[in-house]
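A.B. asks: Below is a structure I'd like to ask you about.
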Amino acid sequence: MLMENFLRSKEYWSLVETGYVEPESGTVLTEAQHKKLDEMKLKDLKVKNYLLQAIDRTILETILQKNTSKQIWDSMKKKYEGNERVKRSILQALRKEFETLEMKSGEGVSDYLSRVMSVANKMRVHGEQMRDVTIVEKILRSLSDKFNYIVCSIEESKDIDRLSIDELQSSLIVHEQKFHRHKGEEQALKVTHEESTWGRGCGCGSFRGRGRGRGRQSFNKAIVECYKCHKLGHFQYECPSWDREANYAEVGEEEAMLLMSYVETNEAKKEDVWFLDSGCSNHMCGDKLSSATLQKASGKW
1 MLMENFLRSK EYWSLVETGY VEPESGTVLT EAQHKKLDEM KLKDLKVKNY
51 LLQAIDRTIL ETILQKNTSK QIWDSMKKKY EGNERVKRSI LQALRKEFET
101 LEMKSGEGVS DYLSRVMSVA NKMRVHGEQM RDVTIVEKIL RSLSDKFNYI
151 VCSIEESKDI DRLSIDELQS SLIVHEQKFH RHKGEEQALK VTHEESTWGR
201 GCGCGSFRGR GRGRGRQSFN KAIVECYKCH KLGHFQYECP SWDREANYAE
251 VGEEEAMLLM SYVETNEAKK EDVWFLDSGC SNHMCGDKLS SATLQKASGK
301 W
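Counted from 1, the sequence shown has number 22 at position 22 by the UniProt record's numbering; the numbering is strictly sequential.
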């Protein structure tokens, strides 16, 4: 196809298609006929040069005895197109390949359409009457699942019989770009959410001083509110008005101490048992009433 298009653009295609007639030996030609014959021979040499440069050397060895560009072209055509039986066999294999084509996971629209068109063009070369609507329908039914709603939209809003392959490709590429953009936004939101959750879990950067700020996030301590005196500029454990003796029991250095609070409810549950660390800032459990009671008892309400 590429060579044919090239030769047509040079206005040499007639030499490949019909060739030229070499006069028999001893034929007397006029000066005009001699000039015309020389021009045809020169053009034919140019065409032969183009063909010989494009043909693989291993194949070139088998056609060196061909004298004209038409003879070279016909020889190549016979080698690769074959007779009708060979062409039918090749066409059957291409039909099977065409029907089994499916878009692979992670494959781009342009790459998949390129694979489909490659097979379709081979089928056309071998004599298949491949219409655009056949290719369009094949593409629509073989896209990956993420394109399902787009396929439904196209089938509902457009006339498939009039939809060109270029229009379909353009529409699919636009939606593919939206997928990538939306995926990027989701990833950015996920990262932001994870960083925010990590910060809250570690007690970092809280405006009301939850925890001791041991995380990576930095904050202005001047805006921290104390749970004890509700003044700004320090945490509860740093509060000057905090009576440490009233909140901590003195124990020996080698002794271990565990404070436990139990909240009585109508239905005793495992969640009602509390294990308290006197250094904690927050005390929470699965029971809302128990949590509120302990918050008040610990002075964190």
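Using N, Cα and C, we set each Cβ at its ideal position, and we do this for glycine too.
Out of 52, 111, 66, state which residue places its alpha-carbon closest to the alpha-carbon of residue 143.
C.D. replies: Taking only the C-alpha atoms, the option nearest residue 143 is 111.
A.B. asks: In angstroms with no decimal places, state the Cα-to-Cα distance between residue 139 and residue 86.
C.D. replies: Rounded to the nearest angstrom, the two C-alpha atoms are 28 Å apart.
A.B. asks: When DSSP labels each residue in this structure, what does residue 225 get in the three-state scheme?
C.D. replies: Residue 225: strand per DSSP, three-state reduction.
A.B. asks: Give a yes or no on whether the C-beta atoms belonging to residue 42 and residue 29 are separated by under 8 Å.
C.D. replies: Not a contact, by the Cβ cut-off of 8 Å.
A.B. asks: Could you tell me whether the Cβ atoms of residue 16 and residue 73 are closer together than 8 Å?
C.D. replies: Yes, the pair counts as a contact, with Cβ atoms nearer than the cut-off.
A.B. asks: So residue 22 is in the alpha helix (DSSP H); what residue range does that whole segment cover?
C.D. replies: Per DSSP, residue 22 belongs to no alpha helix (DSSP H) and is neither H nor E.
A.B. asks: State the beta-bridge partners of residue 232 as determined by DSSP.
C.D. replies: Paired residues: 225.
A.B. asks: Cα separation between residue 12 and residue 104?
C.D. replies: Looking at the two C-alpha atoms, the distance is approximately 43 Å.
A.B. asks: My output table needs one value for residue 65: the three-state DSSP class, helix, strand or coil.
C.D. replies: Correct three-state label for residue 65: coil.
A.B. asks: Classify residue 68: buried if its beta carbon has 16 or more other beta carbons within 10 angstroms, exposed otherwise.
C.D. replies: When all chains shown are included, residue 68 counts as buried.
A.B. asks: Assuming residue 119 and residue 97 are in contact, meaning their beta carbons sit under 8 Å apart, how far apart are those beta carbons, in whole angstroms?
C.D. replies: Right, the Cβ-Cβ distance comes to about 5 Å (below 8 Å), so this counts as a contact.
A.B. asks: Cutting at 6 Å between CB atoms, please list the residues of its own chain near residue 247, excluding the five before and the five after it.
C.D. replies: Low confidence applies here, because residue 247 scores a pLDDT of 48, under 50, leaving its location unreliable; read the following figure in that light. Excluding positions up to five away in sequence, the list is empty.
A.B. asks: So the alpha helix (DSSP H) residue 50 belongs to, where does it begin and stop?
C.D. replies: Where residue 50 is concerned, the enclosing alpha helix (DSSP H) stretches over 31 to 54.
A.B. asks: Between residue 161 and the rest of its own chain, which residues show a CB-CB distance below 8 Å, the 5 nearest in sequence each way excluded?
C.D. replies: The residues are 133.
A.B. asks: Please identify the residue among 107, 128, 61 whose C-alpha is closest to the C-alpha of residue 93.
C.D. replies: For the residues 107, 128, 61, the minimum Cα distance to residue 93 belongs to 128.
A.B. asks: Look at the alpha carbon of residue 222 and the alpha carbon of residue 181, and state the distance between them as a whole number of angstroms.
C.D. replies: Going by the C-alpha atoms only, they are around 40 Å apart.
A.B. asks: Could you give the distance in angstroms between the alpha-carbon of residue 20 and the alpha-carbon of residue 40?
C.D. replies: Distance between the alpha carbons of residue 20 and residue 40: 7 Å.
A.B. asks: Just verifying my parser: in three-state terms, what is the DSSP assignment at residue 12?
C.D. replies: Looking at residue 12 - three-state DSSP - the assignment turns out to be coil, as it is neither helix nor strand.
A.B. asks: First and last residue of the alpha helix (DSSP H) that includes residue 152?
C.D. replies: Residue 152 -> alpha helix (DSSP H) spans 148 to 157.
A.B. asks: According to DSSP, is residue 128 helix, strand or coil?
C.D. replies: Coil at residue 128, not helix or strand.
A.B. asks: Which residues mark the beginning and the end of the alpha helix (DSSP H) in which residue 90 is found?
C.D. replies: Its alpha helix (DSSP H) spans residues 84 to 100.
A.B. asks: Which residue comes first and which comes last in the alpha helix (DSSP H) that contains residue 57?
C.D. replies: Here the alpha helix (DSSP H) through residue 57 covers 57 to 60.
A.B. asks: From residue 151 to residue 164, what distance separates their C-alpha atoms?
C.D. replies: Looking at the two C-alpha atoms, the distance is approximately 15 Å.
A.B. asks: Under 8 Å Cβ to Cβ from residue 115, same chain only, skipping five residues before and after it: list those, please.
C.D. replies: 101.
A.B. asks: So which of 176, 159, 122, 170 has the shortest CA-CA distance to residue 148?
C.D. replies: Per the Cα distances, 176.
A.B. asks: Below 8 Å CB to CB, which residues in the same chain sit around residue 49 once its five sequence neighbours on both sides are set aside?
C.D. replies: Counting only Cβ-Cβ distances below 8 Å, and skipping sequence neighbours, we find nothing.
A.B. asks: Label residue 1 either buried or exposed according to how many other C-beta atoms from any shown protein chain fall within 10 Å of its C-beta, with 16 as the threshold for buried.
C.D. replies: Residue 1 is exposed by the Cβ-count criterion.
A.B. asks: Given residue 232, which residues of its chain have a CB within under 7 Å of its CB, disregarding the five upstream and five downstream residues?
C.D. replies: Contacts found: 222, 223, 224, 225.
A.B. asks: Using the Cα positions of residue 173 and residue 113, report the straight-line distance between them to the nearest angstrom.
C.D. replies: In a straight line, the C-alpha of residue 173 is about 11 Å away from that of residue 113.
A.B. asks: Going by Cα to Cα distance, which pick from 81, 45, 57, 107 is closest to residue 70?
C.D. replies: The candidate whose alpha carbon is nearest that of residue 70 is 45.
A.B. asks: For residue 235, count the other beta carbons within 10 Å of its own beta carbon; 16 or more makes it buried, fewer makes it exposed. Which is it?
C.D. replies: Residue 235 should be labelled buried.
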